[in-house]
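Yeah, the sequence shown ends on 125 if you go by the working numbering, and it's all consecutive. Just so you know, even glycine gets a beta-carbon here, dropped at the ideal spot from N, CA and C.
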Amino acid sequence: MARIFLAIVAAAYLVLAAWCAILPETTSNSVGFTLQPGAGQSEFLTVYGGLQLAIGLAFLWPLYRPSEIRLPLFLCLLIHGCLVICRTVSFGLYSGVPATTIVLAATEWMIFIAAAILSWRTR
């Protein structure tokens, strides 16, 4: 079950990484960023595309090494726990949050809760 969960989350991150790389203007606009030519474009591709690619690949690891599930599952929990904390704080600090961001927040919460349950079950 945990491997399937991580594979699904990995696929989502790999799709997001591709979206950031192939359509950076569209992707950045959907989350409220305006890309500045050169530096902004490079930063967005690197931080959003590169990190999402790395996260996706890390979550695929248990497909190659089925016995090594605990670390990728812990990383999923850690990453999404941090996202949930920062996203929740941002909702308290900023107004005018669009629907896209609320959907992202709900998805982050669902992944965090699922990762927590699966981490607890695989102890």
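On a Cα-Cα basis, can you pick out the residue from Pro-68, Phe-93, Gln-54 and Ser-44 that is closest to Ala-12? Against the sequence shown, residue 12 aligns to sequence position 10. The candidate whose alpha carbon is nearest that of Ala-12 is Gln-54.
For Tyr-96, the three-state DSSP class (helix, strand or coil): Sequence index remark: in the sequence shown, residue 96 carries index 94 (1-based). Three-state DSSP puts Tyr-96 in coil, outside helix and strand.
What did DSSP end up calling Glu-110 once you bin it into helix, strand or coil? As a first step, residue 110 must be located in the sequence shown, where it is residue number 108. Helix.
Can you tell me the Cα-Cα spacing of Gly-58 and Gln-43, whole angstroms? Mapped onto the sequence shown, residue 58 falls at position 56. Mapped onto the sequence shown, residue 43 falls at position 41. In a straight line, the C-alpha of Gly-58 is about 21 Å away from that of Gln-43.
The stretch 92–102 in contact with the stretch 45–52 per 3-pair CB rule at 8 Å: no
Can you tell me whether DSSP reads Arg-89 as helix, strand or coil? Residue 89 sits at position 87 when you count from the first residue of the sequence shown. The answer is helix: DSSP assigns Arg-89 an H, G or I state.
Whose C-beta lies closer than 6 Å to the C-beta of Tyr-50 among residues of the same chain, with five residues either side of it excluded? The count along the sequence shown starts at 1 and reaches residue 50 at position 48. Correct list, in chain order: Cys-22.
Does DSSP put Val-49 in a helix, in a strand, or in coil? The residue labelled residue 49 in the question sits at position 47 within the sequence shown. Residue state, collapsed to three classes: helix.
Could you give the C-beta distance for Ala-56 and Leu-77, rounded to a whole number, given that I count them as a contact under 8 Å? Sequence index remark: in the sequence shown, residue 56 carries index 54 (1-based). Sequence index remark: in the sequence shown, residue 77 carries index 75 (1-based). Actually they do not touch by this definition, with Cβ atoms about 10 Å apart.
Euclidean distance between Cα positions of Pro-64 and Ile-71: Here the question's residue 64 lines up with position 62 in the sequence shown. Here the question's residue 71 lines up with position 69 in the sequence shown. Roughly 5 Å between the two C-alpha positions.
Comparing C-alpha positions only, which one of Ala-20, Ala-19, Leu-16 and Arg-125 sits nearest to Leu-75? Translated into positions along the sequence shown, residue 75 becomes position 73. When only C-alpha atoms are compared, the closest one is Arg-125.
For Ala-118, I'd like the list of residues in its chain whose CB is within less than 7 Å of its CB, leaving aside the five on either flank, ordered along the chain. Walking along the sequence shown from the start, residue 118 turns up at place 116. Around Ala-118: Leu-79.
Three-state secondary structure assigned by DSSP to Gly-34: Along the sequence shown, read from residue 1 onward, the residue named residue 34 stands at position 32. Reduced to three states, the DSSP call for Gly-34 is coil.
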